Every structure is written in C-alpha cells, then in structure tokens.
Amino acid sequence: MERILDQAISEAQEAEVYQVRSQVKTVKFQANRLKSVDSASEEGIGLRVIRKGKIGFSSTTDGDDPHLLIQRALDSSQFGQEAHFRMPSPGKVPLVNCYDRRTAALELQEMIEEGEKAIHLVRKKFPYLECEAEIEKMEREVSIINSRGLSQSYKKTDYQFFLYGFLAREEEFLGVGEEESSSRYRDSSRTLAERLIELVSLAKRRVGISSGKYPAIFTSKAVPLLLGSLKMGINGKVVQKKVSPLLRKMRTSIASSSLNIVDDATFPFGPASSPLDGEGIPSRPTRIIEKGRLKSFIYDLQTAGLMRTRSTANAARSYDSLPSPSTTNLILKEGKVPFEEMIQDIKEGILVDQVIGSGQGNTLMGEFSVNLDLGYKIEDGKIKGRVKDVMISGNTYKMLKELVAIG
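When the letters of the sequence shown are read in order and numbered with numbering that gives the first Met the number 0, they come out as residues 0 to 406.
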C-alpha cells in the first residue's frame, strides 16, 4: 500500500489507498434440505487521487503490479469531478466493538447444524411448510492510508441468519421470513424458528378487510418501508443536488415529537458498525431526528465540501468504488408502549409485517404503494387473522407526522 501511495503522490496533489480483505462462508437450505456450502475470499485495492483539482479513481485485485492501477487513476482524473475536499489527517479513533472472535472461529458444520435445527423446529410444528434458510458469516480487514499521514486499519465480522417458511397450494400462498444480523455471533436457530412459528400460527386463519383508511402498526421488518424515503431525503448527495424534500426543513418539525433517530456506526456489534468510515473519518453518532425535529443530513467529504459543512463520517464504499454518503446503523429510540397495548387500542386496523418490494410512487417525496406480503387484520383489540390480496399506500412524511406510538 505504501509503495502505491508513494508513486501516486509523485504525480498527484493528494492520494488515498483503500484495501479490503474478506472471507465469506455461506450455507443454504432449500426444500428443507441442505442445498449448498460455499467459501470465498477476496482482496482488492482502490486508489483515489486528486490531480489538478480533479478526482481520479481506479481499483484492482492484483496488488503485485501497481503501475497500471496508478496510471488509470491518474488518467481518469481528467474526466473526474472537481474535488471540494482535502484528504483527512489522522484523528482520534473510537474503540468500536465490531469484531467477534466467536464469529471468526465459526465452522461450516456449526452453521449447517443451526440451519437443520431451525428447520426441524418449524416443521415439527407445521410439517406441511417448506423451509429455506441462508446462514452467512463474513470476516474482513479494512486498511486505509493517505498522503496526509492517515494510516488506519480494523477488522470486522458479520453474521446473518435468514429463515423462510412457505406454503403453496391452489389459490393460496403463504410465506413468512425472519432474520437476524449482527457483528457478533449467537445461535439464532431457536429464536428465529419460534418467531416464524408464531407468525404462521396467526396466519392460519384468513379474514377479509374492506378498502378504506385504517390505523396501522408496522413491525420492525416493515419499518424500512417508512425509512427508505427518509434515508434518501437526508443523503448529502440528494441534498447537494437540491432535490431533497427536506432541503429547507433543518431544525423544523418533520415528525411526531415521540420520534428520535440516530445514525450510529459506534453502536456495539451493529451490522454496520466500524471505527472509521470509508474515508478514514473516525465514526461518531449523528442525530438525525430529535423529538420530531430534523437535526442533520449525512455527508461524505465531497458532499460536505459542496455544502460547505463537515463530513458526518458517513462515507460508504468498497475497494472498487468511490465513497458515497450512506446511513450506517439507523437506530430508532425505543418507545414506551408495549406491542400488546398498541393492538388493544385499535378498533379496526392492520398489522403490517412483510411487503413486496419498495412499490410504486415518488419514493423521494415519501409516496409508496406496495402489495402486502404478510399482514393481519386487527379488530376490537385483537389480531383476527391474515389478510390477502391487499395493497397499502401512503406518504412516509405524513405518516411520521401522524405517528401515535413507538414500541
């Protein structure tokens, strides 16, 4: 890496070398049986330069001959964006828990056994269900150096377990999925199986619902539907292009006063936790919404420079891409209303658990219209059964304003 940096800065004003080494193990089950076991490793290097005030970039998986990598980065700068930043100098890096030795040591056989256990538990209760599962663990090392003296590296692990059960009969299809994702390993087989069993039990009875406007409860699986528009609206690239609906709403109320959202890459063992962002900026929490008021957008160095502010340490990238602003662990502060109490307070409504895709509509402006993959009718404070052939629509920003309770 140092050799690449030294050669690059001999012809560029500034330079940065970003390296990723990763190992991934994946176990897949299909039709209740083990389908495949895969192991893969990858190593790559990305070089970003600022030459004559413009950004150049190139990447390679062959680190033995840096000449072509450097030349391509320098050549591409002719057509690159004007740089509105300088590479960061070294800063104080927080201690972030994002590497778990147990995850790193996890063997394929253990992953297979967990998948088999989860499927067995589900089919013991519902023998007619067909189950699928995917278990993946990743270990990676990220290193970054630049021409202003920054030199940092860290290790990170990821563990994901997805369990899915479905029933396909004439004129009927039921599919239920559950997932766990973290930087730290824990055996999720029983937890996921029990959650899936509970949802299937509720879905056994089908009920109808008339078209209309209803109060809705969104589970943690469905909340991303509401946050998708918000994530776009706070993205520095969208803000810089002046197309964000939140552009002139900083420090104003955009949601219920009960809503608090933080973007926090320092959250212990979060799926997107790390001590540095993709440009070497030390990670830190960023308040996005506080008591319903918009507090911050998210920026990388380039978008921050264009907006004449500072980076929020939200540069996301791999070795083969330029940095771009993105959320990390988007955390909703826990509310005080138990789920059961939410249900009890609804005369007639709907529980949204799974939706199909991101739907249609002007997503940037908060509009959505999606098919309900798994949802339940609430009547007289109780879950009555599963609803089918239902589409839900609304506006994210309007719904955030009308938010009644958070669990």
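Don't be surprised by glycine CBs; every beta carbon is placed ideally from N, CA and C. No experiment lies behind these values; they were computed from the predicted model shown.
Burial state of residue i (16 or more Cβ within 10 Å)
i: residue 99; result: buried
i: residue 46; result: buried
i: residue 267; result: exposed
i: residue 207; result: exposed
i: residue 338; result: exposed
i: residue 328; result: buried
i: residue 108; result: exposed
i: residue 81; result: exposed
i: residue 369; result: buried
i: residue 231; result: buried
i: residue 86; result: buried
i: residue 301; result: buried
i: residue 9; result: exposed
i: residue 274; result: buried
i: residue 219; result: exposed
i: residue 351; result: buried
i: residue 228; result: buried
DSSP three-state assignment for residue i, whether helix, strand or coil
i: residue 387; result: coil
i: residue 312; result: coil
i: residue 410; result: Examination of residue 410 is not possible in this model, given that the chain is present from 0 through 406 alone.
i: residue 92; result: coil
i: residue 206; result: coil
i: residue 395; result: helix
i: residue 2; result: helix
i: residue 227; result: helix
i: residue 78; result: helix
i: residue 11; result: coil
i: residue 190; result: helix
i: residue 122; result: helix
i: residue 321; result: coil
i: residue 347; result: strand
i: residue 327; result: coil
i: residue 356; result: strand
i: residue 335; result: coil
i: residue 212; result: coil
Residue i and residue j closer than 8 Å at C-beta
i: residue 149; j: residue 89; result: yes
i: residue 83; j: residue 399; result: no
i: residue 162; j: residue 140; result: no
i: residue 379; j: residue 270; result: no
i: residue 117; j: residue 191; result: yes
i: residue 76; j: residue 53; result: yes
i: residue 297; j: residue 396; result: no
i: residue 110; j: residue 244; result: no
i: residue 27; j: residue 133; result: yes
i: residue 1; j: residue 143; result: no
i: residue 330; j: residue 261; result: yes
i: residue 7; j: residue 69; result: yes
i: residue 164; j: residue 195; result: yes
i: residue 354; j: residue 372; result: yes
i: residue 160; j: residue 187; result: yes
i: residue 405; j: residue 213; result: no
i: residue 319; j: residue 43; result: yes
i: residue 236; j: residue 152; result: no
i: residue 255; j: residue 334; result: no
i: residue 342; j: residue 377; result: yes
i: residue 408; j: residue 18; result: Because the chain spans 0 through 406 in this model, residue 408 falls outside it and cannot be assessed.
i: residue 95; j: residue 265; result: yes
i: residue 55; j: residue 73; result: yes
i: residue 57; j: residue 41; result: no
i: residue 16; j: residue 33; result: no
N- and C-terminal bounds of the alpha helix (DSSP H) containing residue i
i: residue 304; result: 300–305
i: residue 221; result: Counting along the chain, residue 221 falls outside any alpha helix (DSSP H), and DSSP gives it neither H nor E.
i: residue 139; result: It is not in any alpha helix (DSSP H) - residue 139 instead sits in the beta strand (DSSP E) that spans 129–145.
i: residue 102; result: 100–104
For residue i, the first and last residue of its enclosing beta strand (DSSP E)
i: residue 160; result: 150–168
i: residue 339; result: Per DSSP, residue 339 belongs to no beta strand (DSSP E); it is in the alpha helix (DSSP H), 338–343.
i: residue 176; result: 171–181
i: residue 377; result: 366–378
i: residue 297; result: Counting along the chain, residue 297 falls outside any beta strand (DSSP E), and DSSP gives it neither H nor E.
i: residue 84; result: Segment: none, residue 84 is in no beta strand (DSSP E) and carries neither H nor E.
Practice task
Only counting runs of 3 or more residues, tell me where the beta strand (DSSP E) segments fall wholly within the segment 236–292, in order along the chain.
Solution key: Listed in chain order, they are 260–262, 285–289.
Handout entry: beta strand (DSSP E) runs wholly inside the segment 28–70, at least 3 long, in chain order
Key = Positions of the beta strand (DSSP E) runs, each at least 3 residues long and wholly inside the segment 28–70, are given as 32–50, 53–59 in order along the chain.
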